[in-house]
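The next block holds one structure in the form of structure tokens; read it before the comments.
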Amino acid sequence: MEDFSFNALMALALANKLVTGAVITTLLSALLIKVYWDKVGYFLMRVWHGTPVIGTVARLASSSTSTDHKKWLLSEASLCNNYYDYYQDVGDKSSDYYNKCESYLDTIGEGDRRERPIWVLVLIFLLILFEAVGFAYVLVPFINQNLSSNDQAYLGWMAAFLLSIISAGFAEAAGRAIHHNSLVNKARHWWEGDQDENKVTPLKQVQPGVRIKETEKDEGGKDYNRILARIVTNQTVTPRHGWIVGCALVVMIMACAAFGIRAYQLKSIETEMVGNPSVFAEQSYESSASPFELPEDSAAVNQEASDSTLTDKMDAIRSASLITFVVLSVIYVAIQAVSVWLASIFGFAGVESKKAWEYTHKFNNAVELERWMENQRGKIAAHADHKLRMLQMKLSKRTTTDSNVQAALKGAHGRDFNAYVLRMQEEAGTHRSQAQPNLPSAAQVQPISPPAQPTATPAAIAQPTPAVPEIQAESPAPAVEATQAADHNALRSKDLTAYNNEQLGTICRAKGYDLDAVLALRAEQQLLKDFEEV
960 MEDFSFNALM ALALANKLVT GAVITTLLSA LLIKVYWDKV GYFLMRVWHG TPVIGTVARL
1020 ASSSTSTDHK KWLLSEASLC NNYYDYYQDV GDKSSDYYNK CESYLDTIGE GDRRERPIWV
1080 LVLIFLLILF EAVGFAYVLV PFINQNLSSN DQAYLGWMAA FLLSIISAGF AEAAGRAIHH
1140 NSLVNKARHW WEGDQDENKV TPLKQVQPGV RIKETEKDEG GKDYNRILAR IVTNQTVTPR
1200 HGWIVGCALV VMIMACAAFG IRAYQLKSIE TEMVGNPSVF AEQSYESSAS PFELPEDSAA
1260 VNQEASDSTL TDKMDAIRSA SLITFVVLSV IYVAIQAVSV WLASIFGFAG VESKKAWEYT
1320 HKFNNAVELE RWMENQRGKI AAHADHKLRM LQMKLSKRTT TDSNVQAALK GAHGRDFNAY
1380 VLRMQEEAGT HRSQAQPNLP SAAQVQPISP PAQPTATPAA IAQPTPAVPE IQAESPAPAV
1440 EATQAADHNA LRSKDLTAYN NEQLGTICRA KGYDLDAVLA LRAEQQLLKD FEEV
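If you read the sequence shown in my numbering, its first letter stands for residue 960, the second for the next number, and so on.
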């Protein structure tokens, strides 16, 4: 690549199609994997579980196993536990969690913010590419001249992309610092305007911080304290200007350096023109050639005019080049300013703001969130059951002398992923109950017996004693019935026809529903669905 131009660059890219395609494909793949890492990781896990010979199911089926205290095979529990992590990540959220996420974002003042959309990422990539082109035009002429033209171009582009990435990184950090400082300034302004004599002095970060699940615990607190409990600040709760100043210095240094390099490059061209003016002299001679020989005085005047023309031309080139260099530096500064602005209007400063946004931005309300979670839980359970059945089929073909393992293999049909979920929920409930003091419930309180009456003497006339009514604890049956009725009404909004009797039984045991009532409700939904299809 003898000349450095856009056409030469495109020719180089076309000449190395495999390298160009590999670089572009790698960048796009890395971007997509980063954006959809949760789905990609879950898909790769499923593929690895089902891989023959070396997959998880194949290795668990070939390795030795035993039973645990719940009569589950350890290999089955290990396999289900991989899916349970994803199931729990979906299953422990609810409409209440959705409302807490919205409250968390509103409290910190980030309810109207969001993460960068795809078009912003594409725009930032194009800006980085544009900056790299500008830096490459500056750096390539000064690369080691002992290298070939292609090597000079490669080194120039590598250095240009490196400088562009550094600039983009500083712009990103500066934009995030601007948004973070706005929250700190807001909290400090509210603290300074608070006339309460009991306010904390000096202002400090609230420790421990407030998470999404406990965002309602400080509803009665000061607004500035609620903000400081959800962000990370320094010990003096003051704005941080380090990244902003660093970004400004980097931008100014690069802009001035680019202008200086271009100016010195222009100066070298001018020196070469002055030292070797034959090209311009030939052009001037061709334009002023005459068939008649001029006198010496006229020739001197003509030469002076040619020199003046050359000087004027060099001055014009110098002025136009300097103006162009200034414009290019201004464009670079403007690109960095746009990058900083984009970084300041997107993203979050709260500790769990991004997590809260991820669970709320895809849904209009809590009902849509619950519907999506039911769908996701059903998919995860189906995937786990499929791999679990594969493992159980492979294990059933093995011979073992362990009686516990033999009994577990015979009862494999009663162990599915829903049963494993119920088991984990029961164990979690047991741990929670053990952490609390064992207090007697109202139903366990024994009635106080009346004091014993003294025995009457034979001479005394026995008086009839009034019967003391037995004190009994009131039965909570009406409250329980009201709660079950409310739960059954809530189930009417769910499609129960998609579940079989076994699945409904597992759900009822986990949630405490009446199985007969749930089955009747499913039959009613199926009847209405068949009626609408007629």
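Note that the Cβ used here is the ideal one computed from N, Cα and C, for glycine as well.
query: Counting along the chain, where does the alpha helix (DSSP H) carrying F1129 start and finish?; result: S1108 to G1152
query: For a minimum of 3 consecutive residues, which ranges assigned as the beta strand (DSSP E) are wholly contained in the segment 993-1068?; result: none
query: Tell me whether L1494 sits in a helix, a strand or coil according to DSSP, three-state version.; result: Residue 1494 lies beyond the residue range present for the chain, which begins at 960 and ends at 1493; the question has no answer from this structure.
query: To the nearest angstrom, how far is it from the Cα of A1476 to the Cα of T1160?; result: 59 Å
query: Compare the C-alpha of E902 against each of Q1194, A1020, K1059 and I1013 and name the closest.; result: No answer is possible for residue 902: it lies beyond the span of the chain, which begins at 960 and ends at 1493.
query: May I have a chain-ordered list of the alpha helix (DSSP H) segments no shorter than 4 residues that lie completely inside the segment 1163-1205?; result: 1182-1187
query: Hey, how far is the Cα of L1082 from the Cα of S1126?; result: 15 Å
query: By Cβ distance below 7 Å, which residues in the same chain neighbour V1097 in space, the five residues on each side in sequence not counted?; result: A1217, I1220 and R1221
query: Report the residue from S1141, F1120 and A1133 whose alpha carbon sits nearest the alpha carbon of W1202.; result: A1133
query: Quick check on the burial criterion: 16 or more other C-beta atoms within 10 angstroms. Buried or exposed for L973?; result: exposed
query: From D1454 to S1054, what distance separates their C-alpha atoms?; result: 18 Å
query: Kindly indicate which residue of P1198, A1188, V1196 and D1274 has the alpha-carbon position closest to the one of E1229.; result: D1274
query: Alpha carbon to alpha carbon, how far is P1198 from G1179? Give it in angstroms, no decimals.; result: 26 Å
query: Do I1137 and S1303 have their CB atoms nearer than 8 Å?; result: yes
query: My understanding is that S1312 touches E1069, with C-beta atoms under 8 Å, so please give their C-beta distance in whole angstroms.; result: 5 Å
query: From what residue to what residue does the alpha helix (DSSP H) around Y1096 run?; result: I1077 to L1098
query: Are the beta-carbon atoms belonging to R1170 and T1066 less than 8 Å from one another?; result: no
query: If you draw a straight line from the alpha carbon of T1359 to that of T1026, how long is it in whole angstroms?; result: 13 Å
query: Please list, in chain order, all residues of the same chain as F1089 whose beta carbon is under 8 Å from its beta carbon, the five residues on each side excluded.; result: I1294
query: Taking buried to mean at least 16 other C-beta atoms within 10 Å of its own C-beta, is L1480 buried or exposed?; result: buried
query: Could you compute how far the alpha carbon of Y1223 sits from the alpha carbon of L1208?; result: 22 Å
query: Grouping DSSP H, G and I as helix and E and B as strand, with all else coil, what is G1219?; result: helix
query: Taking all protein chains shown into account, do 16 or more other C-beta atoms lie within 10 angstroms of the C-beta of I1077, making it buried, or fewer, making it exposed?; result: exposed
query: Shortest alpha-carbon distance to E1386 belongs to which of T985, A981, H1028 and K1338?; result: H1028
query: Please work out which residues of its chain come closer than 8 Å, Cβ to Cβ, to H1342, disregarding the five sequence neighbours upstream and downstream, and give them in chain order.; result: R1005 and Y1042
query: How about V1143 and M1349: do their beta carbons lie closer than 8 Å?; result: no
query: Helix, strand or coil for Y1472? Go by DSSP, reduced to three states.; result: coil
query: Taking the CB atoms as reference points, tell me whether L1381 and A1308 lie closer together than 8 Å.; result: no
query: Can you give me the C-alpha to C-alpha distance between K1172 and E1317, rounded to a whole angstrom?; result: 15 Å
query: Does the beta-carbon of N1377 have 16 or more other beta-carbons within 10 angstroms, so that it is buried, or is it exposed?; result: buried
query: For D1344, which three-state DSSP category applies?; result: helix
query: Using a 10 Å radius around the Cβ and a threshold of 16 neighbouring Cβ atoms, would you call A1482 buried or exposed?; result: exposed
query: Look at L1328 and G1093 and say whether their C-beta atoms are less than 8 Å apart.; result: no
query: Which stretch, first to last residue, makes up the alpha helix (DSSP H) that contains E1074?; result: Per DSSP, E1074 belongs to no alpha helix (DSSP H) and is neither H nor E.
query: Taking all protein chains shown into account, decide if W1031 is buried (16 or more other Cβ within 10 angstroms of its Cβ) or exposed.; result: buried
query: Residues in the same chain with beta-carbon distance under 6 Å from A1371, minus the five sequence neighbours each way, listed in chain order, please.; result: Q1351
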